[in-house]
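Notes follow the structure.
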Amino acid sequence: MKTLSLVIITFCVLSAGCARQRTVQRTETIMGTQVTITVVAPTAGEAEAAVEAGMAELRRLDAMMSLYKDDSEITMVNRVAGRGSVKVSPEMIEVVDAAAEVSKLSDGAFDVTVGPLVVLWQMKLKGGDLPTAAEISRVLPLVNYRNVVIDRKASTIFLRRSGMIMDLGGCAKGYGADRVAAIFRGRGITNAVIAVAGDIWVLGNREDGKPWRIGVQHPRDKDRTLAVLELRDRYISTSGDYERFVIRDKKRLHHIIDPRTGAPSEGASSVTLVGDRGALVDPLTTALFILGQERGTAIAEKLGVDAIFVDSGGTVRTTRGMAAAMRD
Ligand code: AMP
Ligand code: MG
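Under the numbering used here, the letters of the sequence shown match residues 1282 to 1609, in that order.
Below is the structure:
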């Protein structure tokens, strides 16, 4: 009996080894960023079809959630801010709902209505100036996630004040990656990596059965990795001040705005979180970047999310759970 089960086990291992898997990888620009999808499947055709289905889903969500498209649902919501509600897709309700959850958890450090500040900083920096204190205080009252009214039954969103701008740049990537992961699971694809810039779903294993290895970039040296993580069925998100920035008066002016000050957040240079839900972890990363290591660690631990914090002085701190995934 013992011999028989051994034989069966050996046979299974051998046949699993024989069933060769194919890996297909493709990169496209979607959601204003680089999207790379890698799929492992029994045939190249299946892998290719899954990659295309994933890209198509992200393009579909981008058409709904992009501020840079005149006919996107978010543009319509912003256009009638203070005047009327807009019927939106259930996906919009879900993403804004998850963002609101993170706004509450972070005391408003994450705020989807940060748009007027983002626009002000972009506009001023483009012209070579900094926004004045008066300009900032003029738009600050427009930034308040509590003024986003969601009617789930009617599937509508209403922004209470005229001039409000909803910006899903800090949370749409995670929601999109979740959707692609769900589509993959539905197709029986269990081994894949869905990378929407620094927001990445890591599913199953590589073609050779070993875990995927994800490198976390050093915030001050793009050729250096801060850490290599071996992950399986986990979601990883990084927010950093090194993607889009200018230096002015020794200050690094980047794209993550602290709604409490109305200016680019200071104190952190990068935050990486590992969890299991993109729609939550993506906005949470942006939030903890703003809140910093101390408050950030407390929130991450409460939610069972692992974290790496790098402050602007280069000090690296990790939660205990993260250490287990870190490789040299
Ligand atoms: P991420 O790369 O996920 O950290 O998101 C950064 C993007 O989120 C920015 O480019 C803005 O579009 C948006 N954003 C900036 N500051 C905030 C904030 N305090 N709350 C929510 N979204 C923000
Ligand atoms: Mg984010």
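Even glycine gets a Cβ: it sits at the ideal position worked out from N, Cα and C.
Closer than 7 angstroms: residues whose CB approaches a heavy atom of the ligand MG
G1451, C1452, K1454, G1455, D1480, S1518, S1520, D1563, P1564, T1566 and T1567
DSSP beta-bridge partners of K1532
R1529
Tell me which residue opens and which closes the beta strand (DSSP E) that D1504 is part of.
D1502 to L1512
Return the CA-CA distance between L1398 and I1495, expressed in angstroms with no decimal places.
33 angstroms
Given G1556 as reference, the closest of P1371, I1470, F1465 and G1602 once Cα atoms are compared
G1602
Any non-hydrogen atom of the ligand NAP closer than 7 angstroms to D1448 Cβ
In the structure shown, the ligand NAP is absent; the only ligands present are the ligand AMP and the ligand MG.
Check the C-beta distance from R1505 over to P1492 and give it rounded, since I have them as a contact under 8 angstroms.
With a Cβ gap of about 22 angstroms, R1505 and P1492 do not count as contacting.
Would you say the beta carbon of I1538 comes nearer than 7 angstroms to a heavy atom of the ligand AMP?
yes
Is F1391 a contact residue of the ligand AMP, with contact defined as CB to any heavy atom under 7 angstroms?
yes
Compute the Euclidean distance between the alpha carbons of C1293 and T1314, then round it to the nearest angstrom.
Because the pLDDT of C1293 is 40, which lies under 50, any placement of that residue in the model is unreliable, and the number read from its coordinates should be weighed accordingly. Distance between the alpha carbons of C1293 and T1314 is about 42 angstroms.
Less than 8 angstroms separating the beta-carbons of A1560 and D1448?
no
Using only the alpha-carbon positions, how far apart do R1576 and A1588 sit?
12 angstroms
Can you name the start and end residues of the beta strand (DSSP E) that F1590 belongs to?
D1587 to D1592
Would you call A1435 buried or exposed, if buried means 16 or more other Cβ atoms sit within 10 Å of its Cβ?
exposed
Contact defined as beta carbons within less than 8 angstroms: I believe I1355 pairs with M1336. What is the distance between those atoms, to the nearest angstrom?
So it is not a contact: roughly 20 angstroms between Cβ atoms.
N1472 lies in the beta strand (DSSP E); which residues open and close that run?
N1472 to V1477
Is Q1474 near the ligand AMP, going by C-beta to nearest heavy atom under 7 angstroms?
For the sequence presented, residue 1474 should be read as Val rather than Gln. Answer for V1474: no, Cβ out of range of the ligand AMP.
Residues near D1343 by beta carbon distance below 7 angstroms, same chain, minus five either side:
I1311 and M1312
Go ahead and label M1373 buried or exposed: buried means 16 or more other beta carbons lie within 10 angstroms of its beta carbon, across all protein chains shown.
buried
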